Ligand code: NI
């Protein structure tokens with residue numbers, strides 16, 4: 051497709067995408083409950099003559115655009131779910147569902163994703179068309195880290211022999227109008243733990259007859275920070291956070307147990323493995339040193355988002371084409387988790403930032419996106435997908 055065709059089509063497409071995004075924004079649905087959202091996506095795609103694939107999904111949509119000639123397949127992914135947050139933006143199209151909100155901008159992602167499908171369909175129907183096909187993944191349940199697995203388990207990536215996957219997230223911390231691309235680690239792995247320190251309770255004034263689980267748990271909280279500063283390299287990015295510390299019933303009682311819960315985030319897989327290994331030893335031996343006992347759970351939730359170099363280069367070149375070299379920046383990594391990482395366990399992929407330059411961060415009650423980036427995001431998606439197909443034809 052020529053650039054003039056893109057701009058002619060996007061004039062009205064942008065308005066459609068804004069309307070579509072606002073409709074989703076007014077009716078946010080939580081992870082695994084995206085039934086209306088799924089119907090809106092299906093309706094929009096069907097209205098534009100786009101083929102929906104028949105896979106058994108409770109929520110979420112898989113669609114495909116086929117070029118006139120056979121060839122490879124590349125996927126574009128958008129997540130569709132909202133969060134349990136009471137919206138405080140005061141927008142005209144604010145959430146109509148109390149306590150639920152699109153506070154991560156997945157409404158924006160979904161709209162940019164259907165916009166990309168419309169542009170891809172135009173390209174497929176155009177004179178020159180293209181060789182291969184583009185799979186569109188409208189993924190449920192990103193916020194609970196389950197949606198990517200649901201999509202992978204359909205078998206669609208094997209069925210279509212998908213060669214790469216491209217996804218994006220709006221980024222309020224990045225300047226409006228820019229696209230951020232980075233090869234390598236972009237988002238953190240997510241591990242979660244729960245530690246129960248079992249002591250011996252007793253009178254606050256007679257500690258020698260007790261094993262104080264609060265003192266032991268406090269040693270664990272501060273000691274865990276040394277895993278970051280002393281075990282991993284200063285060049286690695288790792289965060290250990292204890293977000294929950296529960297113990298005790300009264301000021302004059304040493305309780306029987308203390309409970310800690312927290313999360314570990316790392317950008318580098320090697321750092322992640324090292325922290326996990328030392329975590330176990332550190333917790334067990336600290337508790338033992340004080341004469342207590344411990345039970346703990348450690349769960350690997352998500353790997354880190356690791357962009358492969360070749361796909362990232364395709365996305366970077368596409369971004370330059372759409373927004374100009376002066377608006378393409380090196381993406382800043384974050385230790386937030388993203389289940390796009392699961393796709394990258396199966397196939398190469400690139401996840402990029404769309405700069406929206408907003409004052410409030412993800413998951414804030416006043417979070418907002420900038421709709422002017424909708425059509426731009428659709429264009430980056432499709433330009434990258436078509437370039438990838440050409441490269442792999
Ligand atoms: Ni998100």
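Residue numbers (my numbering): 51 to 443. Glycine is no exception: its CB is placed at the ideal position from the N, C-alpha and C atoms. Values in this document were obtained by computation on a predicted structure and should not be read as measured data.
Evaluate contact between the stretch 226-244 and the stretch 417-432, counting only Cβ atoms and requiring at least three cross-stretch pairs below 8 Å. yes
Measuring alpha carbon to alpha carbon, tell me which residue in 430, 340, 268 and 137 is nearest residue 371. 430
Taking only the alpha-carbon atoms, compute the straight-line gap between residue 202 and residue 298 and give it to the nearest angstrom. If you take the alpha carbons of residue 202 and residue 298, they lie about 44 Å apart.
Would you kindly work out how many angstroms separate the C-alpha atoms of residue 32 and residue 382, rounded to a whole number? No answer is possible for residue 32: the residues shown for the chain start at 51 and end at 443.
What is the C-beta distance between residue 153 and residue 130, in whole angstroms, given that I count them as a contact (C-beta under 8 Å)? Residue 153 to residue 130, Cβ: 14 Å. No contact.
Unbroken alpha helix (DSSP H) run spanning residue 314, endpoints: Not the alpha helix (DSSP H): residue 314 falls in the beta strand (DSSP E), residues 307-316.
Locate the beta strand (DSSP E) running through residue 129, then write down its first and last residues. 119-129
Under the criterion of a Cβ to heavy atom distance below 7 Å, does residue 154 qualify as lining the ligand NI? yes
Do residue 403 and the ligand NI come close, with the Cβ less than 7 Å from some heavy atom? no
Determine the direct distance from the alpha carbon of residue 124 to that of residue 177, and round the result to whole angstroms. 21 Å
Nearest-angstrom Cα separation, counted from residue 384 out to residue 329: 22 Å
Looking at the ligand NI, does it come within less than 7 Å of residue 209, judged from the CB to the closest heavy atom? no
Identity of the residue in 105, 222, 255 and 277 nearest residue 207 by Cα: 105
Quick test of the definition: if touching needs 3 or more C-beta pairs under 8 Å, does the stretch 190-205 touch the stretch 113-124? no
Which partner residues does residue 189 have in the DSSP bridge list? 129
Residues in its own chain within less than 8 Å of residue 293 by CB, not counting five upstream and five downstream? Cβ within range, chain order: 311, 312 and 313.
What first and last residue would you give for the alpha helix (DSSP H) that runs through residue 245? Per DSSP, residue 245 belongs to no alpha helix (DSSP H); it is in the beta strand (DSSP E), 239-248.
According to DSSP, simplified to helix, strand and coil, what is residue 299? Collapsing the DSSP output to three states places residue 299 in coil.
Given this structure, state the Cα-to-Cα distance separating residue 288 from residue 320, to the nearest angstrom. 11 Å
Cβ shell of residue 407 (< 6 Å), same chain only, five flanking positions each side left out: Cβ neighbours of residue 407 beyond the five flanking positions: 225 and 226.
Who pairs with residue 349 in a beta bridge, going by DSSP? 242
Status (buried if at least 16 other CB within 10 Å, exposed otherwise) for residue 97: exposed
Outcome for residue 417 when other beta-carbon atoms lying within 10 angstroms are tallied against a minimum of 16: buried
At a cut-off of 7 Å, would you count residue 192 as near the ligand NI, judging by its Cβ distance to the nearest heavy atom? yes
Does the ligand NI have a heavy atom nearer than 7 Å to the CB of residue 438? The nearest non-hydrogen atom of the ligand NI is 7 Å or more from the C-beta of residue 438.
Given this structure, state the Cα-to-Cα distance separating residue 390 from residue 315, to the nearest angstrom. 16 Å
Check whether the Cβ of residue 75 sits closer than 7 Å to any heavy atom of the ligand NI, and report yes or no. Flag unset: Cβ of residue 75 not near the ligand NI.
Could you tell me the distance, in whole angstroms, from the CA atom of residue 83 to the CA atom of residue 186? In a straight line, the C-alpha of residue 83 is about 20 Å away from that of residue 186.
Tell me which residues share the same chain as residue 61 and place their Cβ nearer than 7 Å to its Cβ, disregarding the 5 neighbours each side in the sequence. Its pLDDT being 49, under 50, residue 61 is placed unreliably in this model, and the value from its coordinates should be taken loosely. Answer for residue 61: no residue qualifies.
What is the residue span of the beta strand (DSSP E) that residue 111 lies within? 111-116
Helix, strand or coil for residue 136, going by three-state DSSP, please let me know. coil
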